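Shown next, in structure tokens, is the structure this report addresses.
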């Protein structure tokens with residue numbers, strides 16, 4: 002039997018252990034070559050604007066008929082608005098206003114939600130799109146509906162013709178919008194002047210629809226309802242998404258008399274104008 006010096010034997014053992022380690026490193030359990038997951042990009046917006054200062058005073062005077070004629074201190078109180086109660090102003094804010102005119106009461110509210118995805122594989126924008134899509138579906142609308150012949154001049158794509166169209170309550174309206182079924186006799190009419198209420202004409206109201214050229218996606222929901230037994234009530238909601246922020250504008254009119262019908266076209270135009278202004282403010 003050959004004699005192996007102690008030093009030579011030790012060296013042989015060290016080489017053997019090293020070879021075993023290398024073998025394990027390159028074996029079946031090795032993670033080498035596994036794809037690295039790249040986190041989805043964050044949304045564009047990290048903060049939200051102060052909601053009660055987001056609407057210019059000139060627009061408030063136009064939207065809140067009768068407020069400009071109030072005494073100074075009362076006027077300031079109306080235009081100041083009332084901030085929504087929220088526990089995280091970095092994620093969700095809102096403000097509301099209300100004014101009374103001789104012929105009608107008008108109310109306005111805006112809500113802004115900054116959506117954050119906690120899934121590294123899902124971007125903030127994609128998560129916000131999911132939030133927006135749920136609101137669009139609740140309104141009975143579908144962005145895939147083909148544009149109608151009057152879509153461009155009416156500021157959007159008539160929609161709501163699918164199986165979910167015309168639903169009321171939580172299933173058929175965006176959050177906070179008016180509920181109930183549309184009354185064919187509740188069509189809009191020319192504006193009643195400074196009082197803010199329409200007449201009893203038969204002009205057909207523009208339908209709820211998907212809107213073009215407003216944020217990344219947008220829709221308008223208009224559903225008249227009776228508020229009690231004394232008067233008509235109409236709320237127009239415009240909801241849009243821009244990057245990871247979802248904005249909801251609600252503009253409503255309550256006429257003083259049952260013979261007066263809110264002017265759908267006027268409410269829709271003013272609600273859309275405010276929504277576009279908010280989109281510009283966010284883009285600044």
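Numbering (my numbering), first residue to last: 2 to 285.
For every residue, glycine included, the Cβ atom is placed at its ideal position computed from N, Cα and C.
Here the structure is a predicted model, which means the values were calculated and not measured.
For residue 280, I'd like the list of residues in its chain whose CB is within less than 7 Å of its CB, leaving aside the five on either flank, ordered along the chain.
Taken in chain order, the residues that qualify are 215, 216, 241, 243.
Short Cβ contact (8 Å threshold) for residue 246 with residue 272:
No.
If contact is defined by three or more beta carbon pairs under 8 Å, each pair taking one atom from either stretch, is the region 102-117 in contact with the region 51-71?
Segments in contact, yes.
So, helix, strand or coil for residue 45, using DSSP?
Three-state DSSP puts residue 45 in coil, outside helix and strand.
Taking one C-beta from the region 115-133 and one from the region 43-52 each time, how about it: are there three or more such pairs within less than 8 Å?
With contact defined as three or more Cβ pairs closer than 8 Å, the region 115-133 and the region 43-52 are in contact.
Own chain partners of residue 284 with C-beta closer than 8 Å, once the 5 adjacent residues on each side are dropped:
Within the same chain, Cβ atoms closer than 8 Å to the Cβ of residue 284 are found at 243, the five residues on either side in sequence being excluded.
Out of 254, 261, 259, 282, point me to the one whose CA is closest to residue 269's CA.
Distances from the alpha-carbon of residue 269 to those of 254, 261, 259, 282 put 254 closest.
Counting only runs that start and end within the region 86-142, where is the beta strand (DSSP E) found for 3 or more residues in a row?
Considered as a whole, the region 86-142 harbours 93-101, 105-115 as its complete beta strand (DSSP E) runs of no fewer than 3 residues, in chain order.
State the DSSP-derived secondary structure class of residue 225, mapped to helix, strand or coil.
Residue 225 falls in the strand class under three-state DSSP.
Buried/exposed call for residue 263, threshold 16 Cβ in 10 Å
Buried is the label assigned to residue 263, since at least 16 other Cβ atoms lie within 10 Å of its Cβ.
To which residues of the same chain is residue 94 closer than 7 Å at the C-beta, ignoring the five residues directly before and after it?
Contacts found: 49, 52, 85, 87, 113.
Burial state of residue 122, where buried means 16 or more other Cβ atoms lie within 10 Å:
Residue 122 is exposed by the Cβ-count criterion.
First and last residue of the uninterrupted beta strand (DSSP E) at residue 69
Careful: residue 69 lies outside any beta strand (DSSP E) and carries neither H nor E.
Of the residues 91, 266, 77, the one placed nearest residue 100, counting alpha carbons only
Distances from the CA of residue 100 to each of 91, 266, 77 were compared; the closest alpha carbon is that of 77.
DSSP state of residue 55 mapped onto helix, strand, coil:
Residue 55: coil per DSSP, three-state reduction.
Would you report the Cα separation of residue 129 and residue 91, rounded to the nearest angstrom?
Distance between the alpha carbons of residue 129 and residue 91 is about 15 Å.
Between residue 40 and the rest of its own chain, which residues show a CB-CB distance below 6 Å, the 5 nearest in sequence each way excluded?
So the qualifying residues of the chain are 121.
Once you ignore the five residues that flank residue 126 on each side, which residues in its own chain have a CB closer than 7 Å to its CB?
Excluding residues within five positions, the ones whose Cβ falls inside 7 Å are 44, 244, 245.
Using the DSSP secondary-structure output, state which residues sit across from residue 256 in a beta bridge.
Answer is 105.
Write down the C-beta distance between residue 207 and residue 265 rounded to the nearest angstrom, noting that I regard them as a contact closer than 8 Å.
For residue 207 against residue 265, the beta-carbon gap comes to about 6 Å, under 8 Å, which counts as contact.
Under DSSP, the beta strand (DSSP E) around residue 268 begins and ends at which residues?
Per DSSP, residue 268 lies in no beta strand (DSSP E) segment; the continuous alpha helix (DSSP H) that holds it begins and ends at 265-284.
Taking residue 256 and residue 105 to be in contact with their CB atoms under 8 Å, please state how far apart those CB atoms are, rounded to whole angstroms.
Rounded to whole angstroms, the Cβ separation of residue 256 and residue 105 is 5 Å, and the two are in contact under 8 Å.
Cut-off 8 Å between Cβ atoms - residues of its own chain near residue 60, not counting five sequence neighbours on either side
Taking residue 60 as the centre and dropping the five residues before and after it, the same chain places the C-beta of 274, 275, 278 closer than 8 Å to its C-beta, in chain order.
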